[in-house]
Amino acid sequence: MTRKLLERTLLLSALALAACGKGDKSRASGAASDLLTIGYDREPDTMNRYATHILEDIESCVVEGLVTNDEKMNIIPVLALEVPTIANGDVTLRTDGGMDVTWKLRPGVKWHDGVAHTSADVKFTVDAINKGDWKPESVDGFDRITSVDTPDSLTAVVHYKEVYAPYRLQFVRGTLPKHILDGKNIDAAAGYNRNPLGTGPYHVVEWKTGEYILLEAVPNYWRGAEFPKIKRLLFKFLPNTTTRINQLKSGEVQLVALVPWDKVRELRGLPAVRLNTVVGNGYEHVSLNQKHFTPFADVTVRRAMAHAIDRDLIVNTLLDSLVTVVNGPIQPLSSAYEKDVPSYPYDPARARAMLDSAGWKVGADGIRARDGKPLSFTMITQSGFAIRENVSQTLQKAFRDVGIDTKIRLIDGTSISSVWFKGDFDAMLHWWQSGADPEITLFFASDRMPPAGRNVNYFKDDSLTTLLYASDREADETKRIELLKQAQRRVASLVPELPLYNTSKVDAVPTRLQGFTGNPANAGPFWNVWQWQLTAK
Amino acid sequence: MIRFIVRRIVQSVPLLLVISLLIFALIHAAPGGPLSTYLENPNVRPEDIERLRKAMGLDRPLGIQYLSWLGAFVRGDWGFSYADGRPVLDRLVERIPATLELVGVACVMALIAALPAGILSAINRPFDKVSSVVAVAGISLPVFWFGLLLQLVFAGALGWLPSSGRESFDGGDLADKLGHLILPATVLAAALSAAWSRYLRRAMRDTVARPFMRAARSRGLSERTLLLHHALPNALPTFVTVVLLDVSMMASGAVVTESIFAWPGIGSLFTEALAKRDYAVLMAFLMCGSVAVMVLNLVADLAVHSLDPRTRDAA
Chain A
0 MTRKLLERTL
10 LLSALALAAC
20 GKGDKSRASG
30 AASDLLTIGY
40 DREPDTMNRY
50 ATHILEDIES
60 CVVEGLVTND
70 EKMNIIPVLA
80 LEVPTIANGD
90 VTLRTDGGMD
100 VTWKLRPGVK
110 WHDGVAHTSA
120 DVKFTVDAIN
130 KGDWKPESVD
140 GFDRITSVDT
150 PDSLTAVVHY
160 KEVYAPYRLQ
170 FVRGTLPKHI
180 LDGKNIDAAA
190 GYNRNPLGTG
200 PYHVVEWKTG
210 EYILLEAVPN
220 YWRGAEFPKI
230 KRLLFKFLPN
240 TTTRINQLKS
250 GEVQLVALVP
260 WDKVRELRGL
270 PAVRLNTVVG
280 NGYEHVSLNQ
290 KHFTPFADVT
300 VRRAMAHAID
310 RDLIVNTLLD
320 SLVTVVNGPI
330 QPLSSAYEKD
340 VPSYPYDPAR
350 ARAMLDSAGW
360 KVGADGIRAR
370 DGKPLSFTMI
380 TQSGFAIREN
390 VSQTLQKAFR
400 DVGIDTKIRL
410 IDGTSISSVW
420 FKGDFDAMLH
430 WWQSGADPEI
440 TLFFASDRMP
450 PAGRNVNYFK
460 DDSLTTLLYA
470 SDREADETKR
480 IELLKQAQRR
490 VASLVPELPL
500 YNTSKVDAVP
510 TRLQGFTGNP
520 ANAGPFWNVW
530 QWQLTAK
Chain B
0 MIRFIVRRIV
10 QSVPLLLVIS
20 LLIFALIHAA
30 PGGPLSTYLE
40 NPNVRPEDIE
50 RLRKAMGLDR
60 PLGIQYLSWL
70 GAFVRGDWGF
80 SYADGRPVLD
90 RLVERIPATL
100 ELVGVACVMA
110 LIAALPAGIL
120 SAINRPFDKV
130 SSVVAVAGIS
140 LPVFWFGLLL
150 QLVFAGALGW
160 LPSSGRESFD
170 GGDLADKLGH
180 LILPATVLAA
190 ALSAAWSRYL
200 RRAMRDTVAR
210 PFMRAARSRG
220 LSERTLLLHH
230 ALPNALPTFV
240 TVVLLDVSMM
250 ASGAVVTESI
260 FAWPGIGSLF
270 TEALAKRDYA
280 VLMAFLMCGS
290 VAVMVLNLVA
300 DLAVHSLDPR
310 TRDAA
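As they're listed, the protein sequences go chains A and B.
Under numbering that gives the first Met the number 0, the first residue of the first sequence is numbered 0, with each subsequent residue one higher.
Under numbering that gives the first Met the number 0, the first residue of the second sequence is numbered 0, with each subsequent residue one higher.
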């Protein structure tokens with residue numbers, strides 16, 4: 000026993016020395032221009048893009064969509080030759096109320112095993128999802144497709160039973176390879192789900208559970224043999240934020256996507272790191288649950304609360320001006336964004352006057368009350384977000400200044416969604432991160448309160464609901480945008496929730512990485528990984 | 000002896016049944032479920048969530064869910080992970096080697112430090128003063144803080160050691176593996192050895208004060224013989240019990256250490272499964288943990304049996 004212990008002690012001391020040298024070595028190899036090491040905050044559950052609810056970054060390096068969205072949130076073709084529209088004749092409205100969308104596929108694209116990517120794969124994807132014998136994350140849109148015709152190997156005509164406005168993003172997750180998955184139980188197709196066959200610039204070389212996924216460039220990428228420029232991508236799973244940031248500092252990882260805002264200061268001034276900021280497609284706001292706390296049903300109270308908040312102060316101090324103040328749910332990068340909406344500048348005097356006029360009088364304790372009921376509510380928010388906790392305290396003080404009492408309750412990330420899903424809260428500070436499509440029906444239509452949707456304000460307005468559903472059934476992009484702009488004006492005038500600021504996305508990338516742009520929507524920052532390049536030091 | 004072991008195993012069956020019912024109730028009582036992350040994502044529609052709830056069998060009454068889990072579990076079918084659809088057994092088994100490696104090395108390191116420290120502080124007053132300060136520090140250092148501090152110093156500032164993972168993806172030789180092991184094992188060993196050295200010191204001092212030691216000393220035995228051949232064997236049974244109980248708690252993974260150092264053991268699987276409310280993985284993990292505690296308890300009893308002749312006679 001003692002001798003074994005002694006041996007182990009010696010071994011451990013020896014390895015300490017050995018490891019010192021090793022640490023330096025891995026640093027050097029990490030800096031090579033053929034390898035990019037990414038500190039990733041989670042391990043994907045699956046690499047099947049249809050079975051995951053977010054377009055995971057790692058997957059998007061392997062499996063390409065027919066389209067994607069670029070850094071300006073334009074929808075651009077990838078495996079499709081062009082994005083179908085009414086103007087280019089690829090979208091036609093049928094007299095029976097349905098629509099037909101023609102996808103022309105890019106010729107010469109091959110799956111990584113050399114088999115051609117064809118319209119049969121598009122048809123197979125729709126059929127596989129609609130068959131319902133496995134668990135794709137979302138069947139949105141697919142459930143409105145009646146059939147797919149494949150007049151030739153590069154043309155797929157998708158027949159919808161009704162107009163579906165977000166049709167352009169129907170195949171943003173790509174297609175499933177028919178020749179691999181036909182006749183298989185896709186849930187159990189571990190081979191595909193852990194190492195999917197794609198058409199993208201990389202393929203999976205190794206997935207070491209709990210540790211990393213290593214991707215390697217494919218030899219004959221369809222954009223040309225010179226792409227991708229970086230030979231290997233290593234995604235290390237580092238769920239602990241501090242560990243991820245520490246590794247960025249030590250050089251063990253070179254890229255960290257979505258740096259939490261409160262860590263940005265730590266990373267400024269690191270010579271090897273550039274902070275890339277894009278305006279995000281999400282917005283932080285306070286949802287006001289009218290059903291649970293009835294005073295929120297009064298528009299005057301809601302407007303007064305909006306006037307009570309100094310959003311510029313919050314953005315400039317707590318958030319280091321990383322984000323910008325916004326006035327509504329559709330973000331500036333979206334083609335449907337409406338700038339000219341009613342806004343509520345910081346004006347506490349006016350807020351007080353409005354609350355007075357609504358019958359909420361200040362009591363002896365400084366809190367307003369009406370008919371013996373105090374204007375006092377609880378605001379929930381997710382714990383573990385340092386900045387969000389600070390913002391909620393600032394809001395608490397702002398509301399207190401106009402006579403409204405706010406209690407803050409922090410709830411952990413897994414639990415909070417079940418709380419709001421039951422509508423069991425007064426107000427909630429949170430954000431929605433949306434896809435590239437500007438649809439907001441799910442958040443504001445009267446019949447979209449949970450569990451039927453995410454109208455967590457429990458807000459009911461018939462004219463807004465009519466506008467939103469009309470926009471969903473409008474295939475003409477220009478007309479749809481006009482409807483959505485009217486809807487934004489209506490939302491801003493009725494303030495069902497208090498919009499605060501846009502959720503910018505900050506990515507930490509090596510200074511010698513060229514071609515990185517970031518991405519505001521859920522296409523993720525790896526959307527253009529094929530053109531990234533690491534320059535020499 | 001065999002009868003003793005068999006009796007203990009038989010006794011543990013109803014206990015495990017009660018434990019399984021308790022943990023099933025507990026993890027389902029926590030708010031949220033396997034589908035809660037989907038709720039936050041506007042791209043997954045409520046219709047989809049409802050469809051998935053049905054497909055996963057989460058719409059059934061809890062009692063039925065428990066019974067169907069129990070029925071399958073007893074037959075050796077541990078089910079499929081709610082998160083990635085893979086067999087739960089595969090997910091657990093692939094994580095076990097990493098945890099055994101980390102916990103094993105940490106325990107050895109802790110013993111190397113605790114044994115001499117415990118014995119010395121029992122007999123040497125100045126050393127005892129120093130070691131008690133160190134031990135209190137070791138016990139009270141929060142693991143997550145100590146871990147991050149070591150990362151900052153040894154991986155960040157000095158750059159000597161990798162700050163996370165089990166091996167480099169392109170390395171994987173022995174030196175590389177050991178390099179990855181040092182920091183997490185040190186963090187684990189620090190807390191363990193601090194506590195263990197105090198237990199041993201206490202047990203040694205109790206023994207040294209007993210009359211048979213005085214008698215032995217008066218027979219002219221050397222201090223060394225007194226300590227190692229008379230005091231230590233008498234102090235060991237208590238110490239071994241404490242050590243094995245601690246190890247049994249860690250058999251289910253060093254949850255905090257593994258997640259800070261991204262160590263791919265069952266502890267980090269637990270953290271992940273907890274955040275995703277992956278009921279199937281959580282149940283299997285907690286059941287394995289309970290079994291491990293029971294088994295190591297039994298081992299501790301057997302060890303005391305063999306170390307202490309008095310208990311042997313009694314049995």
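Don't be surprised by glycine CBs; every beta carbon is placed ideally from N, CA and C.
- In this structure D370(A) is exposed. Its beta-carbon is surrounded by fewer than 16 other beta-carbon atoms within 10 angstroms.
- By the 16-neighbour rule on beta-carbons within 10 angstroms, K396(A) is exposed.
- Our two residues, A105(B) and I181(B), have alpha carbons roughly 9 Å apart in a direct line.
- Considering only F226(A), G281(A), K160(A), R48(A), the residue with the shortest C-alpha distance to A435(A) is G281(A).
- In this structure, V277(A) keeps its C-beta atom at 9 Å or more from the C-beta atom of L266(A).
- The continuous beta strand (DSSP E) containing Y201(A) extends over residues 201 to 207.
- Of all alpha-carbon atoms in A215(B), A272(B), I259(B), N296(B), the one lying nearest the alpha-carbon of L285(B) is that of A272(B).
- Think of a sphere of 9 Å around the beta carbon of V138(A): the chain B residues whose beta carbon falls inside it are R44, E46, D47, R50, in chain order.
- The count of Cβ pairs closer than 8 Å, one atom from the region 42 to 57 of chain B and one from the region 440 to 456 of chain A, reaches three, so the stretches are in contact.
- For G31(B), no pairing in a beta bridge is given by DSSP.
- Segment contact: the region 498 to 511 of chain A against the region 313 to 323 of chain A, three or more CB-CB distances shorter than 8 Å; contact assigned.
- In terms of Cβ geometry, I259(B) and T208(A) do not form a close pair [threshold 9 Å].
- From the beta-carbon of N280(A), no residue of chain B is found nearer than 7 Å; the closest lies around 10 Å away.
- In the DSSP assignment, Q381(A) is bridged to I410(A).
- By the criterion of a C-beta distance shorter than 7 Å, L317(A) is surrounded in its chain by I386, N389, V390, T393, once the five residues flanking it on both sides are discounted.
- Counted as a single uninterrupted DSSP element, the stretch harbouring T241(A) is not any beta strand (DSSP E) but the alpha helix (DSSP H) occupying residues 240 to 249.
- DSSP places V114(A) in the coil class of the three-state scheme, outside both helix and strand.
- Non-local C-beta neighbours of T117(A) in its own chain, meaning closer than 6 Å and more than five positions away in sequence, comprise S152, ordered along the chain.
- Rounded to the nearest angstrom, the gap between the Cα atoms of R124(B) and A116(B) is 12 Å.
- Put simply, the CB of T240(B) is far from chain A, with every gap to its CB atoms at 9 Å or more.
- Not a single CB atom of chain A sits nearer than 9 Å to the CB of E100(B).
- Look at the region 447 to 462 of chain A: the residues with a C-beta under 7 Å from a C-beta of chain B are P450, A451, G452, R453.
- Residue-level contact by beta carbon holds for Y37(B) and chain A, with a gap shorter than 9 Å.
- Beta-bridge partners assigned by DSSP to G38(A): K235(A), V255(A).
- DSSP, reduced to helix, strand and coil, places K372(A) within a strand of the structure shown.
- Y49(A) and N73(A) have their C-alpha atoms spaced approximately 22 Å apart.
- Taking a C-beta cut-off of 9 Å against chain B, none of the residues of the region 170 to 184 of chain A qualify.
- By the neighbour-count criterion, in which 16 or more other beta carbons inside 10 Å mark a residue as buried, T477(A) falls on the exposed side.
- The way I'd put it, the region 226 to 246 of chain B does touch the region 200 to 207 of chain B; three or more beta-carbon pairs between them come closer than 8 Å.
- Every unbroken stretch of the alpha helix (DSSP H) spanning 4 or more residues and falling wholly within the region 409 to 479 of chain A is given here in chain order: 412 to 420, 440 to 443, 461 to 471.
- Residues of chain A whose Cβ lies closer than 8 Å to the Cβ of L268(B) are, in chain order, G209.
- In the structure shown, the three-state DSSP call for A486(A) is helix.
- Under the Cβ criterion of 9 Å, R41(A) is counted among the residues facing chain B.
- Within a 10 Å sphere around the beta-carbon of A156(B) sit fewer than 16 other beta-carbons, which makes this residue exposed.
- Contact between the region 172 to 189 of chain A and the region 119 to 131 of chain A is present: three or more C-beta pairs spanning the two stretches fall below 8 Å.
- Under DSSP, D404(A) forms a beta bridge with S375(A).
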